[in-house]
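Here the numbering used here is used: the first residue of the sequence shown is 861, the next is one more, and so on. Idealized CB from N, CA, C, for every residue including glycine. What follows is a set of notes on a single structure, which appears directly below.
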Amino acid sequence: MMSLFLIPPGIINRLDSIRRKILWQWNKERRGYHLVKWKTVITEKRVGGLGIKNMKNRSKDLRMKWLWKYSNDNQNFWGSVIKAKYEESDGWMTKEVTTPYGVSLWKSIRELWNEFKPNTKIKVVDGIKTRFWKDDWHAEGNMETLFPDIHNLVLQQQSTIADLWTPQGWNFVFRRHLNDWEIPRVTEFFRSIDQFSGLEMGRDRLQWLGNNKGIFKVGAVYKKLNHPNLQLLKWPWKQIWKAKIPYKVSCFVWLLAKEVVLTQENLMKRGITLCSRCFFCGKTAETVNHSFIQCKVTGQLWNLFLRRKSISWSMPGRISEALFSWEEAGTQAKNRSNWRIVPATIWWTIWKERNLRVFENRESSMQQVKLNCISTLCFWCNQIYSNDTVSIIDVLGSL
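Now the structure itself:
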């Protein structure tokens, strides 16, 4: 249905409200915090979002597919019906639907033409549909725009390429004899169309600019429509989503990189009165960057891997920077896939230990925390739980 009908804005808002509640686990018994703005959540993962579909743009790209079908093949039954009812404005599309009353299925599709057309170019085959002056068939652009003075000089201003092309070449009829000062401009005009190779068997068709093969792809169009105006210039999406870790851990690392995980500092920003302190060192406020990077307990987990590889690594100040920096530090790693897992392993271990201390009032020894971290790494690398020394050494040796 989305591929045919325009979804009313009120329905989209209602659906988005339901999706937000599901994402943030909001219900009558529990009101989850909306940690990241929805407009960010529905952007692509590579620019900082979760890749959840934007309903408005999804509906739009599905309806655009009908414009593509009509433009390139309107000889079938449904195309003939649309053409007969609304009439064609040119060889590619019907006239704009201006009916002020009732519900028009084609109206909601046709109104996307001005957004659709600039993303296409015309492939001239037989030249029957393509207007020489009006259509964008030339590599440099619209001929009427490129040569408005020449356009005013010729009589065939509405002619198609098939009308103007002969086996001997172009056949233009000028309104009058050319002045001497107009000849260089006319020469430039003919030089610009000199590369035209002629007509062939077949029919003119549109080609999509966003695809190397010139084919309209709904997924590619959606990405183009959902392209944010302001991209994050540097976002570690590969380190978050390409790492071979459980999906829920990837989501957790994404929240960490956004610095919105519910530490005491973030809870205080939401109006909860707390005395913020780190549950590991107890010396400073519990912020995302302190707990997962700067705290001395977390530092021991980092050193667990760094010392084994004899790597001198300067600890960054933020989570997103740490992901990039760790990736660069592992350029000589034996198994870069396993190396990429290490930051998520450390942070997941720290988060579980932190929650153990907060909610169960229990505390693991530093030795046990290290063992938990290494065991988690082994499991994620091999997909088999093991705490024997040989398996652990094998995994650490693969880094």
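Alpha-carbon to alpha-carbon, residue j and residue i
{"i": "Ser-919", "j": "Ser-863", "result": "6 Å"}
{"i": "Asn-1242", "j": "Phe-1165", "result": "18 Å"}
{"i": "Leu-1024", "j": "Phe-1032", "result": "7 Å"}
{"i": "Asn-917", "j": "Asp-995", "result": "27 Å"}
{"i": "Ile-1132", "j": "Thr-1123", "result": "11 Å"}
{"i": "Arg-880", "j": "Val-1113", "result": "19 Å"}
{"i": "Trp-1240", "j": "Gly-870", "result": "44 Å"}
{"i": "Phe-865", "j": "Leu-1038", "result": "54 Å"}
{"i": "Gly-987", "j": "Ser-1019", "result": "10 Å"}
{"i": "Ala-1080", "j": "Asn-1071", "result": "8 Å"}
{"i": "Met-924", "j": "Val-985", "result": "23 Å"}
{"i": "Ser-1172", "j": "Ala-1193", "result": "14 Å"}
{"i": "Cys-1111", "j": "Gly-892", "result": "16 Å"}
{"i": "Glu-1213", "j": "Glu-975", "result": "52 Å"}
{"i": "Val-1109", "j": "Lys-1073", "result": "38 Å"}
Cβ separation of residue i and residue j, assumed to be a contact under 8 Å, to the nearest whole Å
{"i": "Phe-1007", "j": "Phe-1049", "result": "5 Å"}
{"i": "Ile-942", "j": "Thr-958", "result": "Actually they are not in contact, since the Cβ atoms of Ile-942 and Thr-958 sit about 15 Å apart, beyond 8 Å."}
Counted within 10 angstroms of its Cβ, other Cβ atoms place residue i as buried (16 or more) or exposed
{"i": "Phe-1219", "result": "exposed"}
{"i": "Thr-903", "result": "buried"}
{"i": "Phe-1140", "result": "buried"}
{"i": "His-1150", "result": "buried"}
{"i": "Met-1175", "result": "exposed"}
{"i": "Asn-1086", "result": "buried"}
{"i": "Pro-868", "result": "exposed"}
{"i": "Pro-1106", "result": "exposed"}
{"i": "Leu-1090", "result": "Bear in mind that a pLDDT of 49 at Leu-1090, under 50, signals an unreliable position, so the model cannot answer this."}
{"i": "Ile-878", "result": "exposed"}
{"i": "Pro-1203", "result": "buried"}
{"i": "Ile-882", "result": "exposed"}
{"i": "Trp-926", "result": "buried"}
{"i": "Gly-1001", "result": "exposed"}
{"i": "Gly-1190", "result": "buried"}
{"i": "Trp-1041", "result": "exposed"}
{"i": "Lys-989", "result": "buried"}
{"i": "Asn-1198", "result": "buried"}
Start and end residues, beta strand (DSSP E) containing residue i
{"i": "Gln-1067", "result": "1065-1068"}
{"i": "Ile-982", "result": "980-983"}
Residue i and residue j closer than 8 Å at C-beta
{"i": "Ser-1136", "j": "Glu-1119", "result": "no"}
{"i": "Leu-1231", "j": "Ile-1179", "result": "no"}
{"i": "His-998", "j": "Glu-1004", "result": "no"}
{"i": "Leu-1237", "j": "Thr-1205", "result": "yes"}
{"i": "Ile-1210", "j": "Thr-1158", "result": "yes"}
{"i": "Val-1121", "j": "Leu-922", "result": "no"}
{"i": "Gly-908", "j": "Trp-1095", "result": "yes"}
{"i": "Lys-905", "j": "Trp-1097", "result": "yes"}
{"i": "Leu-1066", "j": "Asn-932", "result": "yes"}
{"i": "Lys-1104", "j": "Ile-1201", "result": "yes"}
{"i": "Met-1226", "j": "Gln-1154", "result": "no"}
{"i": "Leu-1013", "j": "Phe-1034", "result": "yes"}
{"i": "Trp-884", "j": "Leu-875", "result": "no"}
{"i": "Ile-1021", "j": "Phe-992", "result": "yes"}
{"i": "Ile-979", "j": "Trp-1068", "result": "One point to set straight first is that residue 979 is Asn, not Ile, in the sequence displayed. For Asn-979 and Trp-1068, yes; Cβs fall inside 8 Å."}
Where the alpha helix (DSSP H) containing residue i begins and where it ends
{"i": "Arg-970", "result": "965-970"}
{"i": "Lys-899", "result": "898-901"}
{"i": "Tyr-946", "result": "937-946"}
{"i": "Thr-1209", "result": "1196-1219"}
{"i": "Tyr-930", "result": "915-932"}
{"i": "His-1087", "result": "Neither: His-1087 is in no alpha helix (DSSP H) and is coded neither H nor E."}
{"i": "Val-876", "result": "The question names Val, but residue 876 is Asp in the sequence shown. 869-883 is the span of the alpha helix (DSSP H), which, as asked, contains Asp-876."}
{"i": "Ser-1019", "result": "Per DSSP, Ser-1019 belongs to no alpha helix (DSSP H) and is neither H nor E."}
{"i": "Arg-1168", "result": "1156-1169"}
{"i": "Pro-1044", "result": "1043-1052"}
{"i": "Tyr-1107", "result": "1107-1118"}
Heavy atom of the ligand MG within 7 Å of residue i beta-carbon
{"i": "Cys-1135", "result": "Absence of the ligand MG from the depicted structure is noted, as is the absence of any ligand whatsoever, leaving it without description."}
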